[in-house]
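Encoded as structure tokens, the structure appears first; notes follow it.
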Amino acid sequence: MTETYGETYDETYEVVVVGGGAAGLSAALVLGRARRRTLVVDAGEPRNAPAAHLQGFLTRDGMPPAEFLAIGREEIKEYGVELVRDRVTDVAPGFTVTLAGGRVVRARRLVVATGLKDELPDVPGVAERFGRDVLHCPYCHGWEVRDQAFGVLATTPLSVHQALMVSQWSKDVTLFLHTVAESELSDDDLRRLATAGVRVVPGEVAELVVTDDRLTAVRLEDGTTHAREVVFTAPRAVPQTGLLERLGAGFQETPFGSYPVVDGNWRTTVPGVYAVGNAAGFGEQVINAASAGYRAAATLNGELLMTDLDAAAGV
620 MTETYGETYD ETYEVVVVGG GAAGLSAALV LGRARRRTLV VDAGEPRNAP AAHLQGFLTR
680 DGMPPAEFLA IGREEIKEYG VELVRDRVTD VAPGFTVTLA GGRVVRARRL VVATGLKDEL
740 PDVPGVAERF GRDVLHCPYC HGWEVRDQAF GVLATTPLSV HQALMVSQWS KDVTLFLHTV
800 AESELSDDDL RRLATAGVRV VPGEVAELVV TDDRLTAVRL EDGTTHAREV VFTAPRAVPQ
860 TGLLERLGAG FQETPFGSYP VVDGNWRTTV PGVYAVGNAA GFGEQVINAA SAGYRAAATL
920 NGELLMTDLD AAAGV
């Protein structure tokens, strides 16, 4: 079903924003206030939906993510921005945008804020508890679970870094190597883990043990259990950048996946196309994503203004 917020305009827009999370809504707010005819296409699948609260956003610390987005949608509506609950299935050169519901619109500029999806380790209990007592970011959730018994479920040797980071929030940390061989850890890794007081447990994890709707332990394949109250793990990030790929945007490999090349104002290598939030990088928290949307929109607006002035002046 398609839901529309705000006025319904003609099918040509100055800007189409693909994605209605923090980055997309922030861009739309700036564009609406700049009196740009803007359409936001939102599939309604925010990455932080499993979390009860968002943290670290000044004045919004502890707010439920759904409430944050609802307020954002109301704010952009006040400036005449249209939001449609739909999915973009294709973007052709010249920014002809096709929606899953059959609608086709055109835009002068495009802001891609499609985010990423988290692929969790295939361990019973992980997906079910994700966002509650299975967590990924200590900056997002560390304070709320401070001083509890932490486990870190390794997914790659980079999980050592995660274990070291979370030791700032608890002195009771166990790194479960899971599918990572102990030989994959460097001597520096082992020294740092020992110095931080992080215990290292080899062996594959079979499941997370949940009792009375609480995480209580981590069980290994050999049957041994380790009492834990919280488990941190690093999901595999899957950027939702298919639209950028189809438009021929340049990409670069990072330790966290392939992301579009962007400049300091979030312009991609395709003229007129911007990528913001987790569509442009793994580490963009909500506050960073909102900032990126703001900067991209301000840059984009100035670009449109100068283009129009030059055309009118014959420059």
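Going by my numbering, the letters in the sequence shown line up with residues 620 to 934, in that order.
Every residue, glycine too, gets a C-beta built ideally from N, C-alpha and C.
None of the values given here were measured: they were computed from a predicted structure.
Counting C-beta neighbours from all protein chains within 10 Å, is the total for Ser877 16 or more, i.e. buried, or is it exposed?
exposed
State yes or no: is the C-beta of Leu839 within less than 8 Å of the C-beta of Gly822?
yes
Terminal residues of the continuous beta strand (DSSP E) containing Ser645?
Taken as a continuous stretch (DSSP letters only), Ser645 belongs to no beta strand (DSSP E), being part of the alpha helix (DSSP H) at 641 to 652.
Arg706 to Gly734 span [Cα, whole Å]
Here the alpha carbons of Gly734 and Arg706 stand approximately 13 Å from one another.
Output the boundary residues of the alpha helix (DSSP H) element that contains Gln871.
Where Gln871 is concerned, there is no enclosing alpha helix (DSSP H), although the beta strand (DSSP E) it sits in stretches over 870 to 873.
Which residue comes first and which comes last in the alpha helix (DSSP H) that contains Gly912?
Taken as a continuous stretch (DSSP letters only), the alpha helix (DSSP H) holding Gly912 covers 905 to 932.
Tell me the rounded alpha-carbon separation between Leu923 and Gln871.
Put simply, the backbone Cα of Leu923 is about 27 Å away from that of Gln871.
Just to confirm, is the Cβ distance from Phe714 to Ala732 under 8 Å?
In this structure, the beta-carbon distance from Phe714 to Ala732 does not fall below 8 Å.
Considering only their Cβ atoms, is the gap separating Arg728 from Val634 smaller than 8 Å?
yes
Could you work out which residue in Tyr893, Phe875, Pro874, Thr873 is closest to Val881 when comparing CA atoms only?
Tyr893
Where does the unbroken alpha helix (DSSP H) through Thr814 begin, and where does it stop?
806 to 815
How big is the Cα-Cα spacing for Val710 and Trp762?
42 Å
Tell me, please, which residues DSSP counts as bridged to Tyr893.
DSSP output for Tyr893 lists Val730, Arg886 as bridge partner(s).
Taking Ala642 and Ala909 to be in contact with their CB atoms under 8 Å, please state how far apart those CB atoms are, rounded to whole angstroms.
7 Å
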